[in-house]
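Protein chains in written order, with our numbering: chain A, 148 to 896; chain B, 11 to 432; chain C, 6 to 162. Beta carbons are placed, not taken as given, at the ideal position from N, Cα and C, and that holds for glycine. For reference, the structure discussed in these notes is given below.
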Amino acid sequence: MADIKIEIDGQIVNAKAGETLIAVTDREGISVPRFCYHKKLSTSASCRMCLVDIEGVPKPQTSCSTPVSDGMKIYTQNEKAKASQKAVMEFLLINHPLDCPICDQGGECELQDVAVEYGSDVSRFSEGKRVVAASDIGPLIQTDMTRCIHCTRCVRFGSEIAGMMEMGGTGRGEDLKIEPFLTQGITSELSGNMIDVCPVGALTSKPFRYELRSWQMASVDSIARHDLTGSNIYAQTYKGQVKRVVSGDNEAVNETWISDRDRFSYEGLSHKNRLLAPQIKVAGQWKEVEWDVALDFAVKGLNKHVLNNRKAHQLGGLASNTATTEEFYLMQKLLRELGCENLDYRLNVNNLEQAIVLASNIKLEALESVDYAMVIGSNLRLEQPMINHRLRKAQLAGAEICALNVKEFDYNLKISHTTVAPQEIATLLAGVLKSVLEKKAVELPEYLEHISSSELSIELAEKLLNAENSVIVLGEHIVNNAQAASIAQLVTDIAEQVTGSTLNVSMTSNSLGAQYAHFVPTSAGMNANEMLQADMRAFLLLDVYPEYDFHHASSAIEALSKEDVFVVSLNSFNNDLTAEYADVILPMAAMYETSGSHVNINNDIQSFKAVVQAPEEAKPAWKILKVLADLLELPGFHYENSSQISSELAHQPHEHSHDSAIDLTSKDDTVETIWMHSAYHTDVLLRHTAALGASQIGQTHLASMNVATAEALALKSGDVYLGVPIDITDTVADQCVFVSSNQATIGGL
Amino acid sequence: MNEVCFKNLDKDQCWSLETYEASGGYSTWRKIIKGEYTPDEIINELKISGLRGRGGAGFPTGLKWSFMPRNAQGQKYIVCNSDEGEPGTCKDRDILRFNPHAVIEGMAIGSYVMDATVGYNYIRGEFMEPIKRFEGALKEAYAAGLLGKNINGSEVSFDLYSHLGAGAYICGEETALLESIEGKKGQPRFKPPFPANVGLFGKPTTINNTESFASVPDIMQNGGQWFADLGVENSGGTKLFSVSGHINNPANYEVSMGMPFSELLTLAGGMRNGAKLKAVIPGGSSTPVLTAEAAMAMTMDYDGIDKAGSMLGAGSVIIMDDSTCMVEVLTRLAHFYYDESCGQCTPCREGTGWLYRVLKRIMDGKGKADDIDLLLGVQEKIMGNTICALGDAAAMPVESFLRNFREEFEYFIEHKKSMVKG
Amino acid sequence: MISDNAKKQIDDWIAKYPQGRQSSAVMEALKIVQAENANQLSHDSIQAVADYLNMPGIAAAEVATFYENYNHQPVGKHIIRFCHNISCMLNGSDDLIAHLETKLGVKTGEVTKDGLISVKKVECLGACVGAPMFQIGDQYYENLTTDKIDDIVDGLK
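Written as structure tokens, this is what we have:
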């Protein structure tokens with residue numbers, strides 16, 4: 148676009164030919180009122196609030212839809228412009244309730260703000276105002292459509308960003324009504340953004356309803372930690388409690404959107420199950436005690452069970468992937484200072500010998516410009532919503548996206564889906580690699596010689612080779628594949644051969660932070676699964692809930708419950724099972740209550756402060772670990788704040804990924820079960836969030852399989868599989884069951 | 011009279027291909043298929059003819075066709091607007107009933123000029139008889155090898171389909187019509203971009219009214235100058251006037267542009283029951299109402315009606331005698347716009363209802379002294395501030411009725427009854 | 006939900022539009038399905054049309070509620086769509102509508118007890134030179150008088 152000069156209110160400004168006038172005025176800080184315009188949505192030009200006067204044009208023009216051209220003279224404040232803006236304001240207010248004091252949007256309402264400047268005090272409209280019946284669109288969003296000003300931002304958000312048109316405008320004229328068609332309410336995983344884009348109080352946060360006024364709250368920037376994006380958010384607090392979360396702006400991370408998971412999880416903070424005081428188990432009885440008593444009890448227990456008799460190798464440290472990077476670092480430092488190498492956060496992996504090692508080498512923003520993406524083993528939309536959003540943008544820009552999944556999911560982007568059984572994935576990818584190498588006339592490694600490339604693998608190879616900018620995305624459903632490591636290595640090799648990128652979304656939350664902080668065992672130590680089998684004497688647990696977190700949930704509970712095993716458990720929530728196996732429970736701060744950092748898929752280390760204090764006696768885990776280390780008389784734990792830990796951490800050398808041998812022989816004929824928690828049950832805070840749990844995604848509890856698998860398992864419609872109701876559908880591959888559950892894995896695998 | 015669109019009106023089966031071809035129909039299209047015309051020659055002829063858009067806006071058709079990026083790569087479309095619905099207007103219905111092939115040939119000629127190989131005729135859904143006639147004509151034309159791909163082995167292709175409305179006045183607005191063909195609500199698009207660049211399915215598109223298309227074959231057959239000479243300066247040709255209301259012979263009359271209104275009135279049989287002419291809406295409900303005096307001094311062409319203080323619009327002449335209560339008429343028109351507003355943009359969605367409610371209040375004997383100023387204020391706030399012309403169309407009658415017949419409104423408010431009807 | 010016959014008709018419409026633009030046929034598809042379902046569109050039938058045309062349900066619902074000719078409430082077997090706009094009004098449509106209401110014993114917007122006829126006041130139907138007029142089904146009836154109305158209505162079965 149050519150550089151041009153235009154004149155706005157007598158001021159000469161630089162612009163690009165063809166960009167919209169409102170983009171120029173916004174950049175220049177010239178205030179033009181608007182309601183329907185949103186920089187991330189298509190132009191609708193329907194509210195008419197941004198009308199301005201352009202010299203030589205008889206009618207006023209909307210700034211949002213007018214492309215600027217050289218020499219254009221614009222008046223945003225002259226009599227003609229003002230008259231139009233005031234006219235529009237008057238029309239908007241005639242049917243809008245003027246009861247701002249009882250409206251949840253009051254104080255942060257765009258209509259209210261503009262009305263102060265452009266409205267008149269007395270309405271000449273003396274007819275009855277329009278009343279629109281409320282519609283229930285689910286547990287997350289409260290509607291009050293009488294307040295709707297028909298800007299259609301929510302409608303456009305749905306069709307353009309969420310990729311599922313759920314809201315629409317029915318009727319016409321004065322009867323135009325913004326509403327959903329689906330009776331079960333809104334189902335998008337990004338739906339809460341409609342609250343943010345709604346300029347008035349028509350769509351507000353349901354959990355926040357009637358709580359407070361925006362001006363009563365402090366707004367603190369923070370980082371959401373439920374997935375690999377680390378979306379930038381504002382946590383809004385009042386009297387030490389998080390009352391609401393809204394999205395922050397960061398083009399490189401989440402643009403201006405956040406997932407519902409990140410928006411509503413704060414609700415769990417005030418759940419009655421929070422742990423509020425340190426507890427110790429004396430003679431089988433739990434007793435609430437002061438911190439010093441509990442810590443002393445923990446230190447003595449550890450000394451007695453392992454340290455005094457130089458049995459640090461019988462101590463194990465296990466942490467949830469939701470811990471902060473600093474917590475991971477401090478915990479591994481503590482354990483290693485004690486001489487213990489047994490530590491792990493990879494609790495959900497069946498076979499850690501087959502653990503996926505795969506580097507991510509493409510940034511979120513760059514994902515938008517890929518021309519081909521191959522997604523393997525992921526329901527990306529629900530598992531990593533913002534990553535899915537970037538791929539959707541790529542697709543809208545013309546990229547081809549293909550998915551190799553065990554089940555056909557509800558994609559919100561145009562995707563060519565192929566159902567692939569878990570037992571077939573490694574062979575399929577080997578075929579792709581073989582075909583790629585053949586096309587490049589590169590010599591084949593021995594293990595590929597006996598592989599025959601299927602039609603599909605040849606086609607995929609061609610697409611990857613033809614793409615200029617491809618990415619292969621490896622997802623969580625592969626974690627427990629019998630050939631997971633080989634699959635990851637094949638992905639690495641294919642990407643290298645086609646000079647494409649790789650994206651590893653096989654883990655989530657702050658798993659990358661754990662890796663960054665070396666929270667993985669060296670060859671001298673045991674991994675999580677080995678610890679469960681070994682003769683352990685003590686465990687240090689960081690917010691672990693084995694019935695949800697472990698793949699081998701039963702073994703984990705068994706290992707932790709052994710009589711002579713001393714368990715120190717830091718937890719943010721009460722849990723019956725913890726009470727059974729632990730000897731001391733230390734209440735720790737949850738998300739929002741601690742400072743630290745999160746490492747996202749971009750490898751950005753995003754730091755955050757504690758937004759609120761942990762309730763009652765609960766403390767940030769880094770502080771608990773620090774004091775524990777002090778009491779254990781370990782050197783080098785003189786931290787006063789978490790950022791001192793971060794800077795120490797930044798100077799540590801980091802490991803690089805290694806090559807795995809590819810093994811295609813271990814083909815298994817038994818039915819494989821892929822067990823995923825529902826997207827709203829992936830960590831302990833989420834599991835205590837009522838509104839998310841009540842939503843359609845949160846209610847998912849289904850074991851999907853095809854007819855053949857059901858027959859093989861002797862199951863019929865209405866039965867349960869591993870405690871989960873079954874759904875017989877031809878969208879699932881042979882020889883596997885895909886479970887999406889909102890309940891504990893225990894009793895299952 | 012009846013020299014262009016209605017030239018075969020008195021013939022038996024005037025809608026048949028046979029009748030149409032007997033009067034020279036499809037001769038231009040056949041020449042085009044043989045490669046005997048260049049697009050520029052056709053545009054030039056149209057420019058000479060002085061044909062202006064018959065749907066209401068009066069934009070010169072030749073100029074409009076020249077704006078189309080006809081050399082641009084990719085699909086382009088030509089669309090006919092037969093979504094007639096402006097109160098007082100019913101001429102396109104008769105063209106479709108009695109001369110459908112002229113519409114087809116006009117569109118075909120346009121398609122060639124603009125390299126648009128596909129066309130749609132958007133016909134309002136209630137027009138079942140005209141739809142059947144048009145569909146029948148399409149079948150005849152296909153059967154005669156006049157439509158399709160590579161017609162007669164030539165490079166010329168044109169496929170034409172009808173698309174039917176489902177009851178929405180706003181779809182007569184050309185971009186709302188495009189949205190409607192795309193299977194959406196008929197909500198007008200903001201401009202720019204204009205349909206010539208981003209039209210149907212995002213492709214360059216030209217949209218003309220039924221009567222405009224139906225005039226093209228005769229213009230080509232007889233020459234642009236012939237057509238221009240039928241009319242007056244700035245208003246070439248003939249025009250169909252739908253004359254309705256308090257007259258003896260309401261009908262569609264195809265007459266030369268520039269005919270004095272008084273002559274048209276006589277042609278339509280004069281005032282019914284010998285009543286006195288009170289008011290005329292000359293171009294359809296959206297155009298300003300005129301007093302009898304202004305109307306009687308007016309000629310029926312673009313400039314003549316403009317001079318009288320109104321617009322030619324779609325040529326829908328609504329005649330009102332002195333038994334007419336202007337408050338009642340305006341209330342009915344206000345209800346129409348209120349009912350037909352698409353609701354997308356604020357001034358129209360909120361303003362049309364406001365206008366109607368104030369008028370209804372006056373009709374119900376509950377008018378307030380300042381309601382006239384309120385009406386004027388509201389219409390002024392709608393005027394010019396909306397996406398499409400429906401806002402202006404709703405505003406203009408209010409302004410003109412109040413300007414020309416203010417005392418009737420004042421009387422109604424004060425006496426809580428009609429000055430005319432009691 | 007959609008009969009094979011209806012699907013065939015809808016397919017004919019889809020064929021008129023470019024590949025992938027099947028939602029252009031939504032207006033006709035809704036009419037076709039409505040005609041098969043007592044002149045009325047239910048939530049489910051709108052969804053069925055949307056599914057058939059591979060478009061969001063709400064997008065079909067937008068169309069079904071925007072245009073006048075779709076019914077969402079019970080209507081008569083015959084719908085008398087009576088124009089009451091300016092040209093018809095000037096020619097006495099209001100009195101004729103009142104006559105029709107009296108004759109049928111229903112108000113506009115209502116259905117006769119036997120379910121045979123409903124009356125609807127509509128905006129201009131584009132037959133102003135034949136005012137006053139109404140539409141029943143595919144047919145326009147123009148230059149109406151009370152006698153003419155009686156004859157037409159008495160002939161409805």
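Does the separation of the CB atoms of Phe355 (chain A) and Arg319 (chain A) fall below 8 Å?
The sequence position of residue 355 (chain A) within the first sequence is 208, counting from 1. The sequence position of residue 319 (chain A) within the first sequence is 172, counting from 1. No, the pair does not count as a contact, with Cβ atoms beyond the cut-off.
Of the listed residues B:Glu165, B:Thr127, B:Ile217, B:Asn18, nearest to Cys181 (chain B) (C-alpha basis)
Here residue 181 (chain B) is taken as the residue at index 171 of the second sequence, counted from 1. Out of B:Glu165, B:Thr127, B:Ile217, B:Asn18, B:Ile217 has the C-alpha closest to the C-alpha of Cys181 (chain B).
Alpha carbon to alpha carbon, what distance is there between Thr299 (chain A) and Gly858 (chain A)?
In the first sequence, the residue the question calls residue 858 (chain A) occupies position 711. In the first sequence, the residue the question calls residue 299 (chain A) occupies position 152. One detail in the question is off: residue 858 (chain A) reads as Glu in this sequence, not Gly. Distance between the alpha carbons of Glu858 (chain A) and Thr299 (chain A) is about 49 Å.
What residues in the region 100-111 of chain B have a beta carbon less than 7 Å from any beta carbon of chain C?
Cys100, Arg103
Find out if the Cβ-Cβ distance for the pair Asn109 (chain B), Asn12 (chain B) is shorter than 8 Å.
For the purposes of this step, residue 109 (chain B) is identified with residue 99 of the second sequence, where counting begins at 1. For the purposes of this step, residue 12 (chain B) is identified with residue 2 of the second sequence, where counting begins at 1. No, the pair does not count as a contact, with Cβ atoms beyond the cut-off.
Assign Pro79 (chain C) to buried or exposed, taking buried as 16 or more other Cβ atoms, counted over all protein chains shown, within 10 Å of its Cβ.
Your numbering for residue 79 (chain C) matches position 74 in the third sequence. Answer is exposed; the Cβ neighbour count stays below 16.
Tell me whether Met32 (chain C) sits in a helix, a strand or coil according to DSSP, three-state version.
Sequence index remark: in the third sequence, residue 32 (chain C) carries index 27 (1-based). The answer is helix: DSSP assigns Met32 (chain C) an H, G or I state.
Verify the CB distance criterion: does Leu343 (chain B) have a CB-CB separation below 8 Å to chain C?
For the purposes of this step, residue 343 (chain B) is taken as the residue at position 333 of the second sequence. At least one chain C Cβ lies under 8 Å of Leu343 (chain B).
Between which two residues does the beta strand (DSSP E) carrying Phe713 (chain A) extend?
Start at 1 with the first residue of the first sequence, and residue 713 (chain A) comes out as number 566. Segment 713-718, the beta strand (DSSP E) holding Phe713 (chain A).
Tell me which same chain residues have a C-beta within less than 8 Å of the C-beta of Val83 (chain C), skipping the five on either side of it?
Along the third sequence, one-based indexing puts residue 83 (chain C) at 78. The sequence shown places His at residue 83 (chain C), rather than the Val named in the question. If we look at His83 (chain C) and ignore the five residues flanking it on each side, its Cβ neighbours are Leu121, Ile122, Ser123, Ile141, Gly142, Leu161.
Cβ of Arg319 (chain A) less than 8 Å from any chain B Cβ?
Translated into positions along the first sequence, residue 319 (chain A) becomes position 172. Interface residue, yes.
Use the C-beta contact count for His624 (chain A): other C-beta atoms within 10 angstroms, 16 or more gives buried, fewer gives exposed.
Your numbering for residue 624 (chain A) matches position 477 in the first sequence. By the 10 Å Cβ count, His624 (chain A) comes out buried.
Is there a C-beta anywhere in chain C that falls below 8 Å from the one on Leu896 (chain A)?
Counted from its first residue, the first sequence places residue 896 (chain A) at position 749. Because Leu896 (chain A) sits at a pLDDT of 47, beneath the cut-off of 50, its placement in the model cannot be relied upon, and the point is left open.
Quick check: the region 154-170 of chain B against the region 320-333 of chain B, are there 3 or more CB pairs under 8 Å?
no
Could you please give the first and the last residue of the uninterrupted beta strand (DSSP E) stretch that includes Asp690 (chain A)?
Here residue 690 (chain A) refers to the residue found at position 543 when the first sequence is read from its first residue. That residue, Asp690 (chain A), is in no beta strand (DSSP E); it is neither H nor E in DSSP.
Assigned exposure category for Gly284 (chain B) - 16 Cβ within 10 Å defines buried:
Here the question's residue 284 (chain B) lines up with position 274 in the second sequence. Gly284 (chain B) is exposed by the Cβ-count criterion.
Let me see if you follow: with CB-CB separation under 8 Å, is Glu313 (chain A) close to chain B or not?
Translated into positions along the first sequence, residue 313 (chain A) becomes position 166. Output row for Glu313 (chain A): interface = no.
Any beta-carbon of chain B closer than 8 Å to the one on Leu130 (chain C)?
Here the question's residue 130 (chain C) lines up with position 125 in the third sequence. Answer yes: the Cβ-Cβ gap between Leu130 (chain C) and chain B drops below 8 Å somewhere.
7 Å Cβ shell around Phe112 (chain A) - same chain, five flanking residues per side excluded:
Past the boundaries of the shown model lies residue 112 (chain A); chain A is included only from 148 to 896, so the question cannot be answered.
Classification of Asp331 (chain B) by the beta-carbon crowding that lies within 10 angstroms, buried from 16 upward:
In the second sequence, counting from the first residue as 1, residue 331 (chain B) sits at position 321. When all chains shown are included, Asp331 (chain B) counts as buried.
Taking the alpha-carbon positions, what's the Ala855 (chain A) to Leu551 (chain A) distance?
Taking the first sequence and counting its residues from 1, the one referred to as residue 855 (chain A) is at position 708. Taking the first sequence and counting its residues from 1, the one referred to as residue 551 (chain A) is at position 404. So the alpha carbons of these two residues sit roughly 20 Å apart.
Quick check on Gly377 (chain A): buried or exposed, where buried means 16 or more other Cβ atoms within 10 Å of its Cβ?
Translated into positions along the first sequence, residue 377 (chain A) becomes position 230. Classification of Gly377 (chain A): buried, given that the 10 Å Cβ count is 16 or more.
For the structure I just gave you, are there three or more beta carbon pairs, one from the region 25-39 of chain B and one from the region 141-152 of chain B, closer than 8 Å?
yes
Is it the case that the Cβ atoms of Arg684 (chain A) and Gln479 (chain A) are separated by a distance below 8 Å?
Counted from its first residue, the first sequence places residue 684 (chain A) at position 537. Counted from its first residue, the first sequence places residue 479 (chain A) at position 332. Their beta carbons are not under 8 Å apart, which means Arg684 (chain A) does not touch Gln479 (chain A) by this criterion.
In angstroms with no decimal places, state the Cα-to-Cα distance between Val59 (chain C) and Asn76 (chain C).
Here the question's residue 59 (chain C) lines up with position 54 in the third sequence. Here the question's residue 76 (chain C) lines up with position 71 in the third sequence. Note that residue 59 (chain C) is Asn in the sequence shown, not Val. Asn59 (chain C) and Asn76 (chain C) have their C-alpha atoms roughly 22 Å apart.
Determine the DSSP secondary structure at Asp164 (chain C), reduced to helix, strand or coil.
Past the boundaries of the shown model lies residue 164 (chain C); chain C is included only from 6 to 162, so the question cannot be answered.
Is Val242 (chain B) helix, strand or coil when you go by DSSP?
Numbered from its first residue, the second sequence carries residue 242 (chain B) at position 232. Val242 (chain B) falls in the strand class under three-state DSSP.
Per the DSSP calculation, Glu402 (chain A) is bridged to which residue(s)?
As a working mapping, residue 402 (chain A) is identified with position 255 in the first sequence. A:Asn397.
Chain B within 8 Å of Pro137 (chain C), Cβ atoms only
Against the third sequence, residue 137 (chain C) aligns to sequence position 132. It does not: the Cβ of Pro137 (chain C) has no partner Cβ on chain B nearer than 8 Å.
Between Ile174 (chain C) and chain A, is the shortest Cβ-Cβ distance under 8 Å, so that the two count as touching?
This structure cannot speak to residue 174 (chain C), because chain C is shown only from 6 to 162.
Output, in chain order, the set of chain C residues within a Cβ distance shorter than 7 Å of Gly316 (chain A).
Within the first sequence, the letter at position 169 stands for residue 316 (chain A). Those within 7 Å of Gly316 (chain A) in chain C are Glu67.
From the DSSP output, in three-state form, read off Gln23 (chain B) for me.
Counting from one through the second sequence, the residue named residue 23 (chain B) turns up at place 13. Coil, per DSSP.
Flag this pair as yes or no: are the beta carbons of Thr209 (chain A) and Phe200 (chain B) separated by less than 8 Å?
Reading the first sequence from its first residue, position 62 is the one you call residue 209 (chain A). Reading the second sequence from its first residue, position 190 is the one you call residue 200 (chain B). A contact, by the Cβ cut-off of 8 Å.
Kindly indicate which residue of B:Ile141, B:Gly247, B:Asp169, B:Ala82 has the alpha-carbon position closest to the one of Leu56 (chain B).
Along the second sequence, read from residue 1 onward, the residue named residue 56 (chain B) stands at position 46. The residue from B:Ile141, B:Gly247, B:Asp169, B:Ala82 with its alpha-carbon nearest to that of Leu56 (chain B) is B:Gly247.
Express the C-alpha separation of Asn853 (chain A) and Ser648 (chain A) in angstroms, rounding to a whole number.
The count along the first sequence starts at 1 and reaches residue 648 (chain A) at position 501. The count along the first sequence starts at 1 and reaches residue 853 (chain A) at position 706. Their Cα atoms are separated by approximately 33 Å.
List the residues that DSSP assigns as beta-bridge partners of Leu300 (chain B).
In the second sequence, residue 300 (chain B) corresponds to position 290, counting from 1. Here Leu300 (chain B) is bridged, per DSSP, to B:Val290.
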